[in-house]
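Colleague: If you scroll down you'll find the structure; I have some questions about it.
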Amino acid sequence: MKRISYIFLISIITTFCSGDYYSDIKTGQLTCNNLTDPSCIDSNPSFSWILESSTRGAAQTAFQIILDPEKNRLKSERVCHWNSGKISSSESLWIDYSGLALEPAQKYYWKVRIWDQNDVPSEWSEAAFFITGIFGGEKWNEARWISNETIPDSLILVPGVHGNGDNLGNKALKRTTVPYFRKEFTISNKISGAYAFICGLGHYELYVNGKRIGDRFLSPGWTNYDKTCLYNAYDVTDELKSGKNVIGAIVGNGFYNINRERYRKLVIAYDAPKMIMILKVRYRDGTTETIVTDETWKTAPSPITYSGIYGGEDYDARLEQKGWSQAGFDDSGWNGVLPAREPEGVLRPETDYPLKVMEVFDDAVIKMINDTTFLYDFRQNASGIINIKVKGKRGMTVRLVPGELIDDDSLVTQKASGSPYILSYTLKGEGEEIWSPRFTYYGFRYVQIAGAVPESISNQDDLPVITGLALLHTRNSSPSAGSFRCSDELFNSIYKLIDWSVKSNLASVATDCPHREKLGWLEQTHLMGNSIRYNYDIRNLYSKIIDDMIEAQLDDGLVPDIAPEYVPFNAGFRDSPEWGSACIILPWHMYEWYGDAGAIKKAYPMMKKYMSYLEGKADNLILSHGLGDWYDLGPKFPGEAQLTPKAVTATSIWYYDAVLLSKMAGVTGNSEDREYYKNMAEDIRNAFNKKFFDPVTKVYSTGSQTAYSMPLFFGMVDTLYRQEVTENLVSSIIQNNKALTAGDIGYRYLLRVLEQEGYSQLIYEMNSRSDVPGYGYQLSKGATSLTESWAALRDVSNNHMMLGHIMEWFYCGLGGIRQMPDSKAYENIFICPEPAGDIEWAETTYNSVRGEIHTSWKISENYMSLKVRIPPGCRATISLPGADPGKISENDISISGSDYIKVKGIQKGRTLCEVSSGDYIFKITL
């Protein structure tokens, strides 16, 4: 036994002396520009990572990054292209590259290691990589924009026109060809790397040697094509071979061309579909070759005979050309490409997560309407496309009509979602045929089939037989960031209801609905922002939305209600401060949640210009224009505000803008602006209170839920009156049978104020019911995604995320996961779960940019248990029920005597304690 102990001791000493002793902290989730192993990275990348450790108090005190185009060279720090050296810093976010210039179209590998709180190094991380893009617009000069056809200058229609466009003459009238493009070339050397960079407007699919490359859907993302055209990059090293190769593409319309057929929210015509591409090939001998789009490419019409982002898609399989993207294909019947009109927009890399097929529903319930018409019910309303498997005779056509609702005859109705939206497939008659539309999508639960029969049904008319039909749910592929569940099944159903509308409306913009409009209405980006952030990592999506707003801003400073602004609307539908203020609130949220000061810097000129615009619109520091508390519950059909004057919501949000811009001026070091906007905020507050507050009754304006909540949340209420104003708000809710009335603008602030003031029980009582319009009411009406109206009206969209604000409360109220004031990127966490009603337990997880934050609580007869996880490098203040620390233990030890917990005091009947990173298990005697 002594001999074994002696050998063990020697092995430990040897480990320490050999330098192989490492910290238990691991570095995980390495990202470059917030993406895992991304392509299209610019010449100034930034790096981030997450720390993982089971040790309490674990933290980073220094880091080192190494980078090289050769993965094997990362084994030695001394020969790398970049070695940062040991840098003393606790920061693991937004670490800027500072090495020698990077080459375009090159793959680079990188690793990181850190030193912990004891100055002990970690092991090196696994290698991550990124591919650089095409640096600078001039580099694209090697390639040419090509097309199958062009639209004459006289028929260009930009910006778009709202509605059917029936008075536009020949503009946007013609159906454009959805073309094939192909290029054959020869590889005669051994390849070390090959990268394709492509932009196809409106959207494209890329093929190499007969294989579709990647799984992107509707790429590139939507932009103002007169300002920006996004391109994507693909590593095609493994797809190329020695000898003849072919690269091909199909290019569809998207928002680049919307003609006057079928349903359209707007008509627009930038031009016919076009593309540009550069293929960079690096050979093992150090030489390179570039294949570009030019006059040597060939083109032909594809089998897609109609494609509309709003109207659907038609596909004639008889027009397929087998092998069109493979070597040896006879393209003698194809035409040479035409030189295309170069877009006004600058080519920039797309840095957001792409849209993809994220879930599949293939277990529909089938109902026979008549001998030739059938209804498929997928039991979930979602954004997506249809996948059909069918057998039948050549030339027969299957017609598919998706919709989110059905009428009394079980037929699909598109009355509120955009009609007609139609998909059709004409068979080639070669066994089982499989098809999905490529360049369109819709929001639907049901699919009505005409001209075909499910294989389980008798087929006396010899119609095509459907062997499979699926709903392919498409959305932005931003990773999941959180989860919530509790003992209340109604709340779990509400969570799912909202989540499906969030998922259905995360595209390359945050859409209002996935069918009728598909437009980037801006108010929901900030009002639903926290609800979405708790669930999904939307850093890159929101960075892109900020870019969209910068490009949408008008010369006078107005930021319109939608971005990209494909069509200028009128009055409040173009100029509403609650919408345009997203241009100020979003950059702040990017900094607050993700530590992204770069978002503030790039948006700063836009924000100042917008504030000047609002100042010019104000009358004695009161703004009165816009849409107000959209879709509040008043006596009329919902729409513009009914219960709250527009001046209340517009002016209070303007005050909030000034407060935030003052803070952001401080972040940028601009002390002059900080004071200017601080003083502006105070002036707006004084004017607002003078006009809308009655100091005798302590009532704001009409006394609506929104009229109270917004000034309370924004801090506009004088401290002297805050308690009485809050009590008036609560009293008004109780007098209204605890039913909600606030709309799109006000409801988020109502929930936040009630939670902050200790009224989570009232939030529970308002929302744990189905007898009045609200979440439970929508569920009782059969909704599977959040609807546009509180009352689940059939005449409006049944897949809207704008009213889903209770999602935020699930996380920060019931789950209790928040930040301390002035914390950024969750470096200083506040844990304060607030049980309500008869909820017995709740489990909540938020994967912050610094790591996983978790709470799990359960209430038994005499005590409450609470499990908490705080990520390495972070601290947390935990608020626990009860004012007696002696009744609280952690891991069976009183918190008063714990080495890991510091009791800070008692506040509002709760015990506050401070902890460092790690896992904790509290038990509170009730």
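Mapping of the sequence shown onto the working numbering: position 282 corresponds to residue 270, and the numbering continues sequentially without gaps. We treat Cβ as the ideally placed atom computed from N, Cα and C, and that holds for glycine.
Using CA atoms only, rank isn't needed, just tell me which of S135, G157, N136, I134 is closest to L145.
Modeller: Nearest of S135, G157, N136, I134 to L145, Cα basis: G157.
Colleague: Consider the Cβ of W70: report whether some Cβ of chain C lies at a distance smaller than 7 angstroms.
Modeller: The structure shown contains no chain C; it holds only a single protein chain.
Colleague: Given a threshold of 16 other Cβ atoms within 10 Å of its Cβ, counted over all protein chains shown, does R200 qualify as buried or as exposed?
Modeller: When all chains shown are included, R200 counts as exposed.
Colleague: Considering only residues of the region 759 to 822, which uninterrupted alpha helix (DSSP H) runs meet the minimum length of 4 residues and lie entirely inside it, listed in chain order?
Modeller: Within the region 759 to 822, the complete alpha helix (DSSP H) runs of at least 4 residues are 763 to 768, 794 to 797.
Colleague: DSSP has A498 in a bridge; who is on the other side?
Modeller: Answer is L494, bridged to A498.
Colleague: Out of curiosity, what's the CA-to-CA distance linking N369 and P502?
Modeller: Their backbone Cα atoms lie some 10 angstroms apart in a straight line.
Colleague: Looking only at C-alpha atoms, which of V713, S758, K769 sits nearest to L742?
Modeller: Nearest of V713, S758, K769 to L742, Cα basis: V713.
Colleague: Taking the alpha-carbon positions, what's the G333 to I83 distance?
Modeller: Distance between the alpha carbons of G333 and I83: 30 angstroms.
Colleague: Could you check where the alpha helix (DSSP H) with V435 kicks off and where it finishes?
Modeller: First-last for V435: 430 to 438, but that is the beta strand (DSSP E), not the alpha helix (DSSP H).
Colleague: Measure the alpha-carbon distance for A871 versus T913 and round it to whole angstroms.
Modeller: Rounded to whole angstroms, A871 to T913 spans 11 angstroms at the Cα level.
Colleague: What is the rounded straight-line gap between the Cα of M(-11) and the Cα of T49?
Modeller: Because M(-11) sits at a pLDDT of 40, beneath the cut-off of 50, its placement in the model cannot be relied upon, and the following sentence gives the value as read from the coordinates. Whole-angstrom Cα-Cα distance: 40 angstroms.
Colleague: Between I54, N558, L218, E130, which has its C-alpha nearest P342's C-alpha?
Modeller: With distances taken between Cα atoms, P342 lies closest to L218.
Colleague: Alpha carbons only, please: which of V856, L62, F118 is nearest the one belonging to K911?
Modeller: Of the listed residues, the one whose Cα sits closest to K911 is V856.
Colleague: Take the Cβ of I881 as the centre, count every other Cβ of all protein chains shown within 10 Å, and call the residue buried at 16 or more, exposed below.
Modeller: By the 10 Å Cβ count, I881 comes out exposed.
Colleague: With DSSP as the reference, please indicate the residues paired to I175 in a beta bridge.
Modeller: In DSSP, I175 forms a bridge with G231.
Colleague: Between the alpha carbons of I876 and T19, how many angstroms are there, rounded?
Modeller: Cα-Cα distance, rounded: 40 angstroms.
Colleague: What is the residue span of the alpha helix (DSSP H) that G605 lies within?
Modeller: Reading off the sequence shown, one finds Lys at residue 605, where the question assumed Gly. It spans 585 to 605 - the alpha helix (DSSP H) in which K605 sits, taken as one unbroken run.
Colleague: Please check the pair K355 and F362, which I expect to be a contact at CB under 8 angstroms, by giving their CB distance rounded to whole angstroms.
Modeller: The Cβ separation is near 7 angstroms, so the contact holds.
Colleague: Just verifying my parser: in three-state terms, what is the DSSP assignment at R473?
Modeller: Looking at R473 - three-state DSSP - the assignment turns out to be strand.
Colleague: Taking just the CA atoms, how far does R204 sit from T24?
Modeller: Their backbone Cα atoms lie some 16 angstroms apart in a straight line.
Colleague: Would you kindly work out how many angstroms separate the C-alpha atoms of Q749 and T843, rounded to a whole number?
Modeller: Each residue's Cα considered, the two are about 19 angstroms apart.
Colleague: According to the neighbour-count rule (16 or more other Cβ atoms, all chains shown, within 10 Å of its Cβ), is V837 buried or exposed?
Modeller: V837 is buried by the Cβ-count criterion.
Colleague: With a Cβ-Cβ cutoff of 7 angstroms, do N835 and A469 count as a contact?
Modeller: Yes, the pair counts as a contact, with Cβ atoms nearer than the cut-off.
Colleague: I'd like the span of the beta strand (DSSP E) that includes M356, first residue to last.
Modeller: 353 to 358 is the extent of the beta strand (DSSP E) around M356.
Colleague: Given S11, which residues of its chain have a CB within under 6 angstroms of its CB, disregarding the five upstream and five downstream residues?
Modeller: For S11, where only same-chain residues beyond five positions count, the Cβ hits under 6 angstroms are D104, V108, S110.
Colleague: Looking at the structure shown, is H613 part of a helix, part of a strand, or coil, going by DSSP?
Modeller: Residue state, collapsed to three classes: coil.
Colleague: Mind reading off the beta-carbon distance from V325 to F169? Whole number of angstroms is fine, and I expect it under 8 angstroms.
Modeller: Their Cβ separation, rounded to whole angstroms, is 7 angstroms, which keeps V325 and F169 in contact under 8 angstroms.
Colleague: Measuring alpha carbon to alpha carbon, tell me which of I841, D661, S867 ends up nearest G906.
Modeller: Answer by Cα proximity: I841.
Colleague: Just how far apart, CA to CA, sit R504 and G151?
Modeller: Taking the straight line joining both Cα atoms gives about 11 angstroms.
Colleague: Is it true that the region 397 to 417 meets the region 456 to 475, where meeting means three or more beta-carbon pairs spaced less than 8 angstroms apart?
Modeller: As far as the Cβ criterion goes, the region 397 to 417 does not touch the region 456 to 475, which means the pair count is below three.
Colleague: How big is the Cα-Cα spacing for I909 and S853?
Modeller: Using only the alpha carbons, I get a separation of about 7 angstroms.
Colleague: Where do the N-terminal and C-terminal ends of the beta strand (DSSP E) with N674 fall, by residue?
Modeller: It is not in any beta strand (DSSP E) - N674 instead sits in the alpha helix (DSSP H) that spans 659 to 680.
Colleague: Within 8 angstroms, do at least three Cβ pairs link the region 722 to 741 to the region 600 to 612?
Modeller: Contact fails: fewer than three Cβ-Cβ distances are below 8 angstroms.
Colleague: Could you tell me which residues DSSP puts in a beta bridge with P289?
Modeller: Paired residues: P167.
Colleague: Buried or exposed for A540, going by 16 or more other Cβ atoms inside 10 Å?
Modeller: The residue is buried, with at least 16 neighbouring Cβ atoms inside 10 Å.
Colleague: Exposed or buried, L708, counting other C-beta atoms within 10 Å across all chains shown (16 or more means buried)?
Modeller: With fewer than 16 other Cβ atoms within 10 Å, it is exposed.
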